[in-house]
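Here the structure comes first, spelled out in structure tokens, and everything after it is commentary.
In my numbering, the protein residues as written are 69 to 1268.
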């Protein structure tokens, strides 16, 4: 490698140019600071686990009741909900310190419930309860539909006598009737200690004013008031149990009175108080070390303790809330490693790791070298996710098993507005993506094992918006059976419930029950009628929510739903399946809470808490027969039920109140009397998992041991579920489509229109091998063997030697300006080619250049210092022995300038080229025009120039716009010919549904259109050009270019174009030109009758064509005037006018190069950006009838 002056070589090469301005020393740099409160990241990367029991950091059992105050008790449930919501909203800042009290809940804001309610933070007894992915970190159960019919009536089960459960006791928390919160903890397995913290939370001042700590040592039969042991005047706010040693307990005092920590090592029998110098907002315990904990303070500082809270040491300042994690066992080398997201002094955000007690500047590591978006760091299992800040669409990166970060590959035009990590515990990643054309639905994607390549599993999964504005994804992972999911999908303005047994590879509707509760036949025929389920869990997992499953009871699903053509929240009932969704039975006509007893051996049901009850229902035959029992002599408003508190006992505890003004009531029930004996071997039977008779599920035949229905025997803790699992022969349904492929109507996976299956990574060098995809990949965790496995598995092939293509050069900071004497770093990227055998040359434009023997040497960037101020053209050159790609590709950091130029022009004819800058700058704007291969730009103060191209071929035009200290850039390629023929094209309306209105999409669709046209005519491919216009309705222009053979004469070549044009027009008129954009989306191409001219050339003849062209120009001039005057737009003409119209936020344009913040309101931008967005929204609508949508032209360039 050397530094030298270079000239353009004569050999095969790829040439690239980038303009750079070196400003004077007085150049000021604009900064944009991002704060958590005012400008949240528009596309957050979040994670919500579907498997609650797998969170090692929070296995303790904790319930939080949130009740109404005495003053509000007389109001109705609806009014109480509204008043409470308003109070919480007014005190949001005060509540911030109380939102995340559990160990690892990322969005631990406690749910609110009307009247007296209940919310759970964590617990062992949560198994199978939290199965719905929550997009905003909260859970909200929809208002149930109620029936006036008998809630206890089951099929073949008349109302029976109500035997009272013999072993039950009631305890009232006397003196706490005014307390509106109650936090309940069970100390742990093999322990009889239960702790309850009741408190009076004043929503007006946002703090706790009274509290009482209760302790029981007999599973809840009696409780002792502990206030004297913690200090009679001490006000307690939160209570924690160490997840790895539940004898150890922490209790926080309310910071409004004092900041202290009470510590107990004997299950709360005694406490020691330690003063704190900070206010604790949240705690995170270590998953293996019982004395290790992280504490997050109110001033965004992170502290660590290695002695269970007795001493604390500062880890880092300016840490993002909820974005800190302990090390993951088996992945991080140091057990005390802390992952965190921290802010830099200049307002940027970085991903930092360090050891908890050794986090000095010298000991900090930055696993990702650049900045990341705020609140985007997720560390979970084998994966680490981040989102990087860019001025274009959201870009995500993943690290698998702590390897280097790699950009996540979603389908090219998913263009996410919002993305959430749903699950990572199945050796792959589930992600929910809200795409550019979605508002209340998300698409579900599944990754490969490394979490890089994502494929579509289901489109338009329904979401439900909660009271606080959060959204919940209607997706439920069934416990006990891997690969089994239930989802609610919106299609044709209806929501239907689907089920899959192979992780989303195949979905089907649910077969409704054949009879109702009275035994009458139900005539429900698929696909017109089916069973639909509500898939929301309760805010409080101790109220079962609308669907329940359990790992220890595979195949049993209890859910609220309805029968019909679509999901409804009226006339709902309760349904159960005991064969994993193959057949269903109705069990109640009203909504009930249902819990699993004895590891799923029995089910218990209680009416919803909106009405008091004293009865519960129990079944021992998977919901076929129910018996009613009385658990209380007085009806109780049931706020929650703690089931299976200990493995060696059969106790459940009801929490609630007899009236709105009564004390908290705790009813302990020993349900051992419901069982007759311990189960013996003859009490079990085998059950074969199947999917509508197909025994192979996820590539294996699974046989389970289940208790025979109807036996009243107790299963016990040693109950084994899976008897055997035999692998199946691989078949087609064991494989899903690989990245870049889509399943067509015939069931085969074909390349998507934007994907080139022959593309090989540039890291693949000659002599090496790579795996060439067959279009399929095996479903993750599928255990099939042999069969078609070899046919569908990627094949090892040798890396081909390829010419370089897609060269680009950018600056590392994304700016085209730098201060004199500063070190600037250039990044060179190559889309295709052999990086180890491709020579790279970079000319800095100031007389110096560097040369590298291969591209791998440039991965860290190329640094350079300019010693004089000025404007320099930086060019890059890539060459190898196989040739070059002559396309000029320039990368720009910000896309708020648009270069408007014709796609094809006539040689020696003057053309106008215009640069549109948004917003319109009142200050002076300087334009730098780089035309062809000129080494010096043309500088103007006007946004338009006239230029004459004298040589035929492809020419590149680049414009740079300088405004203050910012330089924007855009590039266009123009074909110059002596003459050409063009046709205007339109398309069937369904194409507009998939048009995100970005340059890459127009280029890819243009290639698809060209391929479709070539199917109906015999015309050279390199002489056919399709240019898709910006905006919707989608329109395009088809150019027929003459061949380069000059010997035939111009007239002969003109005739050939006319003949080819006639053939194409005839095919278009017969609707013979069509293409399939995606499965089920077939697009027809039409010939637009309005045309500019039949033939355009550069001759001086004044014939009819020239006159027609002149008339067309006059017509276009009038049309431009009318368009501007009346703010309309002809579909195929790219003209913009400034209009002022208000639009709903979700309808603001399309996601693309200029729209990277779809979820930020306009008021959150600085003034200049606000003006820019308003002008972007003021683009002229065009269309037919009422089908009008905004149009947008975005420069064809890539973001740094």
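We treat Cβ as the ideally placed atom computed from N, Cα and C, and that holds for glycine.
Where residue i falls, given that 16 or more other Cβ within 10 Å makes a residue buried
{"i": "residue 596", "result": "exposed"}
{"i": "residue 321", "result": "buried"}
{"i": "residue 746", "result": "exposed"}
{"i": "residue 820", "result": "buried"}
{"i": "residue 761", "result": "exposed"}
{"i": "residue 402", "result": "exposed"}
{"i": "residue 371", "result": "buried"}
{"i": "residue 276", "result": "buried"}
{"i": "residue 27", "result": "Nothing in the structure corresponds to residue 27, since the chain is present only between 69 and 1268."}
{"i": "residue 727", "result": "exposed"}
{"i": "residue 637", "result": "exposed"}
{"i": "residue 981", "result": "buried"}
{"i": "residue 1270", "result": "Lying before the first or after the last residue shown, residue 1270 is absent from the chain, which here runs from 69 to 1268."}
{"i": "residue 623", "result": "buried"}
Beta-carbon contacts of residue i that lie in its chain and below 6 Å, excluding the five residues immediately before and after
{"i": "residue 644", "result": "626, 653, 655, 691"}
{"i": "residue 1030", "result": "994"}
{"i": "residue 360", "result": "354, 374"}
{"i": "residue 1073", "result": "1096"}
{"i": "residue 38", "result": "Absent from the model: residue 38. The displayed extent of the chain is 69 to 1268, so no value can be given."}
{"i": "residue 841", "result": "806, 862"}
Separation of residue j from residue i, as counted between CA atoms
{"i": "residue 110", "j": "residue 502", "result": "Low per-residue confidence applies at residue 110: pLDDT is 29, beneath 50, and the placement is therefore not dependable, though the value from the model is reported in the following sentence. Cα to Cα, residue 110 sits roughly 12 Å from residue 502."}
{"i": "residue 1084", "j": "residue 1135", "result": "7 Å"}
{"i": "residue 484", "j": "residue 599", "result": "31 Å"}
{"i": "residue 1285", "j": "residue 293", "result": "Given that the chain is displayed from residue 69 to residue 1268, the structure contains no residue 1285 and the question cannot be resolved."}
{"i": "residue 862", "j": "residue 856", "result": "12 Å"}
{"i": "residue 313", "j": "residue 263", "result": "15 Å"}
{"i": "residue 1021", "j": "residue 998", "result": "17 Å"}
{"i": "residue 671", "j": "residue 618", "result": "11 Å"}
{"i": "residue 911", "j": "residue 918", "result": "7 Å"}
{"i": "residue 305", "j": "residue 743", "result": "40 Å"}
{"i": "residue 1139", "j": "residue 1056", "result": "10 Å"}
{"i": "residue 278", "j": "residue 307", "result": "15 Å"}
{"i": "residue 818", "j": "residue 1146", "result": "10 Å"}
{"i": "residue 280", "j": "residue 358", "result": "26 Å"}
{"i": "residue 642", "j": "residue 630", "result": "8 Å"}
{"i": "residue 879", "j": "residue 914", "result": "16 Å"}
{"i": "residue 588", "j": "residue 601", "result": "21 Å"}
Integer-rounded CB distance, given that residue j should sit under 8 Å from residue i
{"i": "residue 1078", "j": "residue 1059", "result": "Contact flag wrong, Cβ pair sits at about 15 Å."}
{"i": "residue 346", "j": "residue 328", "result": "Not quite, the Cβ-Cβ distance comes to about 11 Å (not below 8 Å), so this is no contact."}
{"i": "residue 529", "j": "residue 634", "result": "Actually they are not in contact, since the Cβ atoms of residue 529 and residue 634 sit about 15 Å apart, beyond 8 Å."}
{"i": "residue 519", "j": "residue 468", "result": "5 Å"}
{"i": "residue 1128", "j": "residue 1109", "result": "With 8 Å as the limit, residue 1128 and residue 1109 do not qualify as a contact, their Cβ atoms being about 10 Å apart."}
{"i": "residue 512", "j": "residue 543", "result": "7 Å"}
{"i": "residue 442", "j": "residue 417", "result": "5 Å"}
Neighbourhood of residue i by C-beta distance below 8 Å, restricted to the same chain and skipping five residues each side
{"i": "residue 433", "result": "420, 421, 422"}
{"i": "residue 594", "result": "577, 579"}
Three-way DSSP call (helix, strand, coil) for residue i in this model
{"i": "residue 653", "result": "strand"}
{"i": "residue 740", "result": "helix"}
{"i": "residue 374", "result": "coil"}
{"i": "residue 471", "result": "coil"}
{"i": "residue 432", "result": "coil"}
{"i": "residue 723", "result": "strand"}
{"i": "residue 306", "result": "strand"}
{"i": "residue 1087", "result": "coil"}
Any C-beta of chain C under 8 Å from that of residue i
{"i": "residue 313", "result": "In the displayed structure, chain C is absent; only one protein chain is listed."}
7 Å CB neighbourhood of residue i in its chain, flanking five on each side removed
{"i": "residue 377", "result": "318, 329, 331, 342, 361"}
Heavy atom of the ligand ZN within 7 Å of residue i beta-carbon
{"i": "residue 522", "result": "In the structure shown, the ligand ZN is absent, as is every other ligand, since no ligand is present at all."}
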